[in-house]
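With my numbering as the guide, the letters of the sequence shown map in order to residues 946 to 1460. Just so you know, even glycine gets a beta-carbon here, dropped at the ideal spot from N, CA and C. Here the structure is laid out as structure tokens; the discussion comes afterwards.
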Amino acid sequence: MNALPDSLPATARNDWLLPAALTIGVLLLLGAAFWPTVHSMIEVWDRSETFTHGYLVFPISAWLVWRQRDVLAQIRPRPDLRGLLLLAAAGAGWLLADAGSVNVAAQYAFVVMLIAAVWSLLGAAFVRAAFFPLMFLLFAVPMGEFLIQPLMGITADFTVAMLQATGIPVYREGTFFSIPSGDWSVVEGCSGLRYLIASVTLGVLYAYLTYRSWQRRLLFTLAAIVVPIFANSGRAYLIVMIAHLSDMKLALGVDHYIYGWVFFGLVMLLLFWIGSFWREDDQPAPAAAPGAAAGAASAAARPFLPVAVAVLALAGLWTAYASWLDTRALPAMPALQVEAQGGWQPGEDFTGWTPHWIGADRQLRRTYTQAGRNVLLELNYYVTQRQDAELVNSQNFMIRQKDPLWSNVGETLATVQIGGMTRQVRQARLRGSNGQRLLVWQWNLIGHHATVNDHLAKLSLAFERVLLRRDDGLSVLIATPYEDAEIETAAATLARFAADMEPAIGRALDQVDGP
């Protein structure tokens, strides 16, 4: 933006010098003010190959703006106070996301704040003309990990169905399946998320550069979403078939990844080649709306410096309040105490399995027994929500991927009866290498209200924290052994234990002082 075409009149070039310099300066200062959020994005780009493209998003966006420099330079920059409204809304969203430690939401809010700052300083005409380059910045946010489990399910469903259609017998438990030549499992790396993210990012950029009509851009974007999902499922099936037909000598180890990337590369090459038959990049881009540039040019220029100060001040309010929240002292926390109820008695530990819940301020693990049935109770208490110490966290799960001793052969939300009341629990079936099987129920308690909705739990806790109220929460997890034919009996055991022990578990929360 600061290197304008020489063909422009000197007055137009002068109109851009101060706004361009102020806009770049404000964007850099916003990046510094929200550095923890920026750094959280960079950390994901650095550690995950799925999101490495994030390093390129900002340069690509700048290049896209540069491609339009002749058109953009003809728009007189004019501050637009409506951008401050978007900035305020994005800042409020960032505060809630930061209070709830939802990095993805905080990162999206930060990018929207950058766009709002550009709108505030350069005006609506500039934003309309540079709409796609500005929106492309949203691809910098490393979002999509929530799709891993659904994509794993799609891959497993397709692979098993194709194997059966090929005449190969398959025994399946969750994402694990066995065929006569060997055992397989669909893990996170097989979900195809990496292919999907790469395809969508490249597909959207390709559609913008290649097509002019929004219909073609939309259709190609949809193709860039659907094709990699089916391609990944086909890739998984081909790898299993290659290994099966080669007596488990090929498509294992490094070959597994090489075949996967080669297959995906060929599919993407085919997609872009087919898309090139309808290309429109030889046609001129759609002209700006009549009067957009002229209207801006004829309007009286508003002072830029006060608007830049307003942008920085408004954005700074949110970071200042968030920093103050982080400095508050933690409430007093006595040890968790849960008395045995309903005839349950302390028992001996019957399993070596330990769930992976991180950052809890207080933890309790006890085993109970009644009438020959054993139940494990594990409580993880979080007195207030902060980074790496959150009731709802992507690092809180039943078992690790590729755990050497345990496999999760089925996890879902189940509707159960507890104490005569119908409600949902997160139910998992675990299989140990020693042959032991566990039925596990998990839910969260927030203010004595049981929930398994992670999104509502995050939002509720974030609001409580921002409003200076109690934002504590308790994860309740119970587990009991079962045999294949006894899963209903195991579920009845867990329901009876939960109904008997929930009052005592609730009283444990009442021992904690408020903020």
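{"Item": "In whole angstroms, what is the alpha-carbon distance linking residue 1328 and residue 1281?", "Value": "12 Å"}
{"Item": "Give the straight-line distance between the Cα atoms of residue 1308 and residue 1115, rounded to the nearest whole angstrom.", "Value": "41 Å"}
{"Item": "Classify residue 1193: buried if its beta carbon has 16 or more other beta carbons within 10 angstroms, exposed otherwise.", "Value": "exposed"}
{"Item": "Could I get the ranges of all uninterrupted beta strand (DSSP E) runs contained in the segment 1110-1173, with 3 residues as the minimum, in chain order?", "Value": "1116-1118, 1121-1124, 1127-1130"}
{"Item": "Who are the Cβ neighbours of residue 1077 in its own chain at under 6 Å, not counting the five residues just before and after it?", "Value": "1153"}
{"Item": "Whole angstroms is fine: what's the gap from residue 1426's alpha carbon to residue 1440's?", "Value": "14 Å"}
{"Item": "Can you tell me whether residue 1240 is helix, strand or coil according to DSSP?", "Value": "In this prediction, residue 1240 has a pLDDT of 40, which is less than 50 and means its spatial position is unreliable; what the coordinates show is noted afterwards. Note: residue 1240 maps to helix in three-state DSSP."}
{"Item": "Is it a yes or a no for the segment 1444-1454 touching the segment 1360-1379, going by three-plus beta-carbon pairs under 8 Å?", "Value": "yes"}
{"Item": "From the DSSP output, read off the bridge partner residues of residue 1264.", "Value": "Looking at the DSSP assignment, residue 1264 forms no beta bridge with any residue, so it has no partner."}
{"Item": "Go through the segment 1335-1382 residue by residue and report every complete run of the beta strand (DSSP E) that reaches 3 residues or more, in order.", "Value": "1351-1363, 1366-1377"}
{"Item": "Tell me, please, whether the segment 1090-1105 touches the segment 1121-1139 by the rule of three or more beta-carbon pairs shorter than 8 Å.", "Value": "yes"}
{"Item": "Report, in whole angstroms, the separation of the C-beta atoms of residue 1290 and residue 1315, which I expect to be a contact under 8 Å.", "Value": "7 Å"}
{"Item": "Whole beta strand (DSSP E) runs in the segment 1294-1320 with 3 or more residues, listed along the chain?", "Value": "1307-1315"}
{"Item": "With a threshold of 8 Å, are at least 3 pairs of Cβ atoms found where one atom belongs to the segment 977-993 and the other to the segment 1065-1074?", "Value": "no"}
{"Item": "Which residues does DSSP list as the beta-bridge partners of residue 1324?", "Value": "1309, 1421"}
{"Item": "Classify residue 1180 as buried or exposed, calling it buried when 16 or more other Cβ atoms lie within 10 Å of its own Cβ.", "Value": "buried"}
{"Item": "Name the residue from 1370, 1381, 1326, 1378 whose alpha carbon lies nearest to the alpha carbon of residue 1396.", "Value": "1370"}
{"Item": "For residue 1426, which of helix, strand or coil comes out of DSSP?", "Value": "strand"}
{"Item": "Can you give me the Cβ contacts of residue 1081 inside the same chain, cut-off strictly under 6 Å, excluding the 5 residues immediately before and after it?", "Value": "1006"}
{"Item": "Just to confirm my understanding: we take residue 1170, look at its own chain, exclude 5 residues before and 5 after, and list those with CB closer than 8 Å. What are they?", "Value": "1141, 1144, 1145, 1148"}
{"Item": "What would DSSP say about residue 1389, mapped onto helix, strand or coil?", "Value": "strand"}
{"Item": "Quick one: residues in its chain with C-beta nearer than 8 Å to the C-beta of residue 1062, no 5 flanking neighbours on either side, listed in chain order?", "Value": "968, 971, 972, 975, 1028, 1032, 1256, 1260"}
{"Item": "CA-CA distance, residue 1390 and residue 1438?", "Value": "20 Å"}
{"Item": "Thinking C-beta only, is residue 1375 closer than 9 Å to residue 1352?", "Value": "yes"}
{"Item": "Using a 10 Å radius around the Cβ and a threshold of 16 neighbouring Cβ atoms, would you call residue 1182 buried or exposed?", "Value": "buried"}
{"Item": "Taking 9 Å as the CB-CB limit, is residue 1301 close to chain B?", "Value": "The structure shown has no chain B; it contains just one protein chain."}
{"Item": "For residue 955, collect the residues of the same chain with a Cβ closer than 7 Å to its Cβ; drop the 5 residues on either side in sequence, then sort them by chain order.", "Value": "Unreliable positioning characterises residue 955 in this predicted model, as indicated by a pLDDT of 49, which lies under 50. The coordinate reading is nonetheless provided below. No residues qualify anywhere along the chain."}
{"Item": "Please name the residue, chosen from 1056, 1288, 1407, 1345, that lies closest to residue 1443 on a Cα-to-Cα basis.", "Value": "1288"}
{"Item": "CA-CA distance, residue 1150 and residue 985?", "Value": "25 Å"}
{"Item": "Nearest-angstrom Cα distance between residue 1241 and residue 1022?", "Value": "Reliability of the predicted coordinates at residue 1241 is poor, the pLDDT of 41 falling under 50, and no value is obtained from them."}
{"Item": "Secondary structure at residue 998, three-state DSSP: helix, strand or coil?", "Value": "coil"}
{"Item": "Considering residue 1018, what are the terminal residues of the alpha helix (DSSP H) in which it resides?", "Value": "Run containing residue 1018: none; DSSP gives neither H nor E here."}
{"Item": "Is DSSP giving residue 1395 helix, strand or coil here?", "Value": "strand"}
{"Item": "Under the three-state reduction of DSSP, which class applies to residue 1331: helix, strand or coil?", "Value": "strand"}
{"Item": "Cα separation between residue 1269 and residue 1413?", "Value": "11 Å"}
{"Item": "Could you tell me the alpha carbon to alpha carbon distance between residue 1394 and residue 1166, rounded to whole angstroms?", "Value": "42 Å"}
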